[in-house]
Structure formats: C-alpha cells, structure tokens
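**Student:** The structure is given below, and queries will be raised subsequently.
2 protein chains.
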Amino acid sequence: MLDEASAPGAEAPAGGRRRGQLHSAAVEALRGMIVSSRLPPGAPLREKDLCSELGISRTPLREAIRTLASEGLVRLSPNRSAVVTEIDVDETRDLLETIGHLEALGGRLACARASEAEVREIHAMHYRMISFYFENDFTNYLDLNRRIHRTIVSAARNASLLELWDILAPQVDRARSMTKLYPERWKSAVAEHQAMVDALAARDGAALSEVMSQHYLNGLAVLGMPPPPDLG
Amino acid sequence: MLDEASAPGAEAPAGGRRRGQLHSAAVEALRGMIVSSRLPPGAPLREKDLCSELGISRTPLREAIRTLASEGLVRLSPNRSAVVTEIDVDETRDLLETIGHLEALGGRLACARASEAEVREIHAMHYRMISFYFENDFTNYLDLNRRIHRTIVSAARNASLLELWDILAPQVDRARSMTKLYPERWKSAVAEHQAMVDALAARDGAALSEVMSQHYLNGLAVLGMPPPPDLG
DNA sequence: GATCAAAATCTTGTATGCAATCTCGATGCT
DNA sequence: AGCATCGAGATTGCATACAAGATTTTGATC
Chain E
1 MLDEASAPGA
11 EAPAGGRRRG
21 QLHSAAVEAL
31 RGMIVSSRLP
41 PGAPLREKDL
51 CSELGISRTP
61 LREAIRTLAS
71 EGLVRLSPNR
81 SAVVTEIDVD
91 ETRDLLETIG
101 HLEALGGRLA
111 CARASEAEVR
121 EIHAMHYRMI
131 SFYFENDFTN
141 YLDLNRRIHR
151 TIVSAARNAS
161 LLELWDILAP
171 QVDRARSMTK
181 LYPERWKSAV
191 AEHQAMVDAL
201 AARDGAALSE
211 VMSQHYLNGL
221 AVLGMPPPPD
231 LG
Chain B
1 MLDEASAPGA
11 EAPAGGRRRG
21 QLHSAAVEAL
31 RGMIVSSRLP
41 PGAPLREKDL
51 CSELGISRTP
61 LREAIRTLAS
71 EGLVRLSPNR
81 SAVVTEIDVD
91 ETRDLLETIG
101 HLEALGGRLA
111 CARASEAEVR
121 EIHAMHYRMI
131 SFYFENDFTN
141 YLDLNRRIHR
151 TIVSAARNAS
161 LLELWDILAP
171 QVDRARSMTK
181 LYPERWKSAV
191 AEHQAMVDAL
201 AARDGAALSE
211 VMSQHYLNGL
221 AVLGMPPPPD
231 LG
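In structure tokens, the structure reads:
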C-alpha cells in the first residue's frame, strides 16, 4: 500500500495521503518489487491487480509503468500486459559494459571537478562501507556501495551523465540481486574500491577512470563472460 | 493532428485512426515540436491546449509528456505545467561530452562486432551524405548524419548503449538546431566523418573511438567552450 | 494609486466508464 | 485424437468526470 496512513488491510485509497505523489510513489514501489524479484523477470504487470495492491487507480499506475519502461525494467507491447524485462547474460554484459564506461567518464571528470568536501564525503562513506564488509552486513554494504558510485558520478558535474547513470543503476541492482556473490569477488571489489578512493584523493583521473570501468568488467567475469575487446 | 485520415481543420479525434498508437504518436509529435522550436525552451505544455491541437485526450498526452520527461526534453514539477527544458551552455557541454563518450564506446565495439554488411551500409550512407554536403542540402545531410551515428552505435551490439544513445540524440538535435553552423565547422565535420568510416573499414577501434568523441568535442568548441579535462 | 485578501478561473492529479483487443477454454469438425 | 473456430471473460487504450492545488482577477481598504 502506498497510503501508509490507512489501516492495514484497507483497500481503498481512502484519506491520509496527500495528492500529487502517487505516480512517483508507485514508480518506487514497483521498482522495489522488480529489483527484489517480488515481480520476477517475465512476470506480467496486470494493472487491476497492482492497483488494488497499491491502493491507487489505473491512471497513476499506468504512468508509473511507462516510467519503468523508459528505465528498461519492463517491456511494453500494445494491448498486452507490460512484462518485467527478462535478464539474459548478453544484456547483462551490455549493461555492465555500459555503466562501467559511464563511470569511467564520471571518475575522470570527478577528479577534475569534485570539491574537497565531496572527496571527504566519499572517503567517509567508503570507510563506513568497509566496516560493513567486515561485519558481513551485505545489505548495508550494497547501499553504501551504490551511494559511493552515485556520489562520484554526481561530483563529475555533468547532468546528462548522472541522468543516464540513474537509468542504468536500477538494472544493475537487479542483475546483482540475481547473481550469487562469491567471497573472493567481494574481497577484490573492496580492494578496487580502495583503489578508487585513493585515485580520487590523488586527483588521478586516468587511474580512477581505469579502476571504475574495470570494476564492472570484473563483476562481469564472475558471470563467466569474456571481457569486451580492447580493454585489457 | 495525429489523425491523418480526418479532414484538415477537424478538431475531434473522430474516426479513422485505429487505437493503440496515440501515445507514441503524441511522443513523436511533441518531440518534433520541441526539436523544431515550435515549442521553445521554457514554454509550458498546457495539457488542454495540446490535447485539442493533437486531437487526443489527456490520458495519452500525459503519458507522452512523461516519456519526454524521461528523455530530458521537458521538466516536470508537481501541480504545475511541464515546461520545455531550457538549454544553457553548461548543459550543452554536458550533453556533448556524454554522447561523445557513449559513441567512443560504440565505435570501439562496432569495430570488433559490426558485420561486413553493416560496414558497407555505413559507407553507402556516408557517401550519400557527402553528396548532400556538396549540394548544400543541410536537412538531408543532418538526417543521414544522424542515421550514420546511430547505425554505428547499433553495430556495437550493446542494447543498453543504444538505449542511452536514443535518449540523448533528440537533445543533441535540439541543441544543434539552436546554434548556427559555420562553413568551416561543417567542412571539418565532414573530414571527421571520413576519418570515422576509414577507421571502421580498418577495424581500428582505438582510432574510431578517438574520432567519435573528438567529433563532439569539436562541436563544443564552436560554442566557445573549453574542452573537458584529460582529453587533449 | 498601492496593497493585500478573497473568490473566480484555470490547470493538473486521480478515478472511473466504455469500447477495442486479447486470452483461453469450449465446441464442433475432420 | 488433433485442429480450427467461436465466444465469454479478462485486460488494455482512451475519454471524461470530478477534486485539489495554483493563478489571476477583483474589490475593499489604506
């Protein structure tokens, strides 16, 4: 239910929630369901069912579904239910290849444009993340991991770049939630993150750029896939 | 009007158009209006007006506006009309920086993955474009220019990359339509295109990657802006 | 004449109704 | 049994009605 003020079990939108946010609330709710596999790949999004589940009407729900389609999380076909995008290994390779490349630019620009405060903030998040690593707290680790990456891209001060990153990030989250994380991979991911913050502190754009794209290519290798051409 | 079957001047949706395409038709119509400055930057998109102009109701129109918002062509704010995104030089720099970087990856991958047929197709389009250049036919030149770039990115066989390219391309078109094209810039753009097809023919990924990102940075210089760090 | 308040008007956000299309099982035929 | 056809129910596409928020106009007061 999107209306947290209503009694549990209530179906109607009822009172409580102020208007004007149903659309974005529905986007977040649906995105969460998809990323968490509550709506698995291939599942149809039946408007009527989701409406009663979320307690809203079809109009904002349909707009939310369009938004998710533009993020690539669902696929539309005319007169048919939208379906959660299937994840295949080829598309996952494309995805990691692309977001790694975006972050390569982000890292390079961030080294040139980030403020000292941003660099400090990223360092703070990094060491908090490391502590979650040693506590084996995967959930909080991932949350910080994501925020670190986004903050770096954000520090690149390129609105288009951040916009594209925000489109791909949920897909990456979903792909990650589908794969098992091996302890060795987790360990080297942490090491790569250390290299990232070091490069940023040194304002070494070439190094940060290299580490960030390689970071994703390494994740790709976990899937047993060959790296793309010309990168090694 | 989206209903090409109805008589000119008719306002109502009337008969003729089969259902199921109003949304995408509206997206294209609105995108055209924005790119052509029929709806200039800052202009509000009043739903009622656009509905009567396009001859559709608010439901598909609103979905179209959401789609344009996800492409960055309009900006939404709650309880207020969507407005056509303002173009400022900083955002244009971001945009060209980003799409150039996307195409750098596209070019590199295309050299490794494009089929011979695709390479031939790109060459054919290239020489047709050159002929439009000598005929001073800017409209057809630009159309082919765009298709060449898209075909190269498409030949990279990376679905995510193409998806992102399709988001940025309309914004680039719009930015281009706002700036005057100087003859010298046009001439060097043609030369850069020649270098592109040469690199592709030679399957020289590094060279094509370099030319494609530089291609946009050169366009950026026309705006009197400094290039981003670490690229020269 | 200027300023502020209140109401009329306009615009968006959401819900709902109707028609077109699709799904899928039932029915009949070979 | 296997396959094509038909139709009832389900589901989407679009239009419209109504409510809430924003804007503009009006009018009273200083």
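Just so you know, the protein sequences line up as chains E and B, in that order.
So in UniProt numbering, spot 122 of the first sequence is number 122, and the numbers just go up one at a time.
So in UniProt numbering, spot 146 of the second sequence is number 146, and the numbers just go up one at a time.
Even for Gly, the Cβ is constructed at its ideal location relative to N, Cα and C.
Pull up the distance between the alpha-carbon of Asn-218 of chain B and that of Ala-169 of chain B, whole angstroms please.
**Tutor:** It is roughly 17 Å from the alpha-carbon of Asn-218 of chain B to the alpha-carbon of Ala-169 of chain B.
**Student:** Kindly indicate which residue of E:Glu-86, E:Trp-186 and E:Leu-161 has the alpha-carbon position closest to the one of Pro-41 of chain E.
**Tutor:** E:Glu-86
**Student:** On a Cα-Cα basis, can you pick out the residue from E:Val-89, E:Leu-50, E:Arg-62 and E:Asn-79 that is closest to Met-178 of chain E?
**Tutor:** E:Val-89
**Student:** Measuring straight from C-alpha to C-alpha, what distance separates Val-211 of chain E and Glu-53 of chain E?
**Tutor:** Spanning the two alpha carbons is a distance of roughly 43 Å.
**Student:** Within a Cβ cutoff of 7 Å, which residues of the same chain sit near Leu-76 of chain E, ignoring the five residues on either side of it in sequence?
**Tutor:** Counting only Cβ-Cβ distances below 7 Å, and skipping sequence neighbours, we find Ala-69 and Ala-82.
**Student:** Of all the beta strand (DSSP E) runs that stay within the bounds of the UniProt domain "HTH gntR-type" (20-87) of chain B, which reach a length of 3 or more residues?
**Tutor:** Taken in chain order, the complete beta strand (DSSP E) segments of 3 residues or longer contained in the UniProt domain "HTH gntR-type" (20-87) of chain B are 82-84.
**Student:** At the level of alpha carbons, what is the spacing between Ala-175 of chain E and Asn-140 of chain B?
**Tutor:** 41 Å
**Student:** Does any residue of chain E bring its CB to less than 8 Å from the CB of Asn-158 of chain B?
**Tutor:** yes
**Student:** I think Ala-156 of chain E touches Arg-113 of chain E, with their Cβ atoms under 8 Å apart; what is that distance to the nearest whole Å?
**Tutor:** 6 Å
**Student:** Quick check on DSSP: helix, strand or coil for Lys-187 of chain B?
**Tutor:** helix
**Student:** Does any CB atom of chain E fall closer than 8 Å to the CB of Ser-154 of chain B?
**Tutor:** no
**Student:** For the stretch 35-48 of chain B, enumerate the residues whose C-beta is nearer than 9 Å to any C-beta of chain E, in chain order.
**Tutor:** none
**Student:** Does His-101 of chain E get closer than 8 Å to chain B when you measure Cβ to Cβ?
**Tutor:** yes
**Student:** Do you know how far the Cα of Leu-95 of chain B is from the Cα of His-149 of chain E?
**Tutor:** 20 Å
**Student:** Determine whether the beta carbon atoms of Cys-111 of chain B and Asp-204 of chain B lie at a separation below 8 Å.
**Tutor:** yes
**Student:** Please classify Gln-21 of chain B: is it buried, with 16 or more other beta-carbons within 10 angstroms of its beta-carbon, or exposed?
**Tutor:** exposed
**Student:** By a C-beta neighbour count over all protein chains shown, 10 Å radius and 16 as the cutoff for buried, is Glu-135 of chain B buried or exposed?
**Tutor:** exposed
**Student:** Cα separation between Leu-115 of chain B and Val-197 of chain B?
**Tutor:** The amino acid occupying residue 115 of chain B in the given sequence is Ser; Leu does not appear at that position. Whole-angstrom Cα-Cα distance: 14 Å.
**Student:** Answer yes or no: does any C-beta atom of chain E fall closer than 8 Å to that of Ser-177 of chain B?
**Tutor:** Not one beta carbon of chain E lies nearer than 8 Å to the beta carbon of Ser-177 of chain B.
**Student:** Within a Cβ cutoff of 6 Å, which residues of the same chain sit near Tyr-133 of chain B, ignoring the five residues on either side of it in sequence?
**Tutor:** Excluding sequence neighbours, Tyr-133 of chain B sits near Tyr-141 and Val-190.
**Student:** Return yes when the Cβ of Ser-209 of chain E is within less than 8 Å of the Cβ of Gly-107 of chain E, no when it is not.
**Tutor:** yes
**Student:** Among the residues of its own chain, which have a CB less than 8 Å from the CB of Glu-192 of chain E, if the five just before and after it don't count?
**Tutor:** Only Val-211, Gln-214, His-215 and Asn-218 meet the Cβ criterion.
**Student:** Considering just the uninterrupted stretch of the alpha helix (DSSP H) at Thr-179 of chain B, what are its terminal residues?
**Tutor:** Element bounds for Thr-179 of chain B: n/a, residue is neither H nor E.
**Student:** For the stretch 183-194 of chain B, which residues have a CB atom closer than 9 Å to at least one CB atom of chain E, in sequence order?
**Tutor:** none
**Student:** For a test of the three-state rule: what should DSSP assign to Ser-160 of chain B, helix, strand or coil?
**Tutor:** helix
**Student:** Name the chain E residues whose beta carbon is nearer than 9 Å to that of Leu-164 of chain B?
**Tutor:** Thr-98, Leu-102, Leu-164, Ile-167 and Leu-168
**Student:** Spatial neighbours of His-101 of chain B within its chain, please: CB distance less than 7 Å, with the 5 preceding and 5 following residues excluded, ordered by chain position.
**Tutor:** Ser-213
**Student:** At the level of alpha carbons, what is the spacing between Val-172 of chain B and Arg-58 of chain B?
**Tutor:** 28 Å
**Student:** Are the CB atoms of Ile-34 of chain E and Leu-61 of chain E within a distance shorter than 8 Å?
**Tutor:** no
**Student:** Have a look at B:Glu-97, B:Ala-221 and B:Ile-152 and flag the residue whose alpha-carbon is nearest the alpha-carbon of Ala-164 of chain E.
**Tutor:** The identity of residue 164 of chain E in the sequence shown is Leu, whereas the question assumes Ala. Checking every option, the nearest Cα to that of Leu-164 of chain E belongs to B:Glu-97.
**Student:** From His-126 of chain E to Ala-64 of chain E, what does the alpha carbon distance come to, in whole angstroms?
**Tutor:** Each residue's alpha carbon lies about 33 Å from the other.
**Student:** Does Glu-91 of chain E come within less than 8 Å of chain B when only Cβ atoms are used?
**Tutor:** yes
**Student:** Can the beta-carbon of Arg-66 of chain B be found less than 8 Å from the beta-carbon of Leu-220 of chain B?
**Tutor:** no
**Student:** So, with DSSP's three-state summary, where would you put Asn-145 of chain E?
**Tutor:** helix
**Student:** Which residues in the same chain have their Cβ closer than 7 Å to the Cβ of Arg-147 of chain E, if we skip the five residues on either side of it in sequence?
**Tutor:** Met-125, listed in sequence order.
**Student:** Near Ile-99 of chain E, what residues of its chain come up, given a Cβ to Cβ distance below 8 Å and the 5 sequence neighbours on each side ignored?
**Tutor:** Trp-165, Leu-168, Ala-169, Val-172 and Tyr-216
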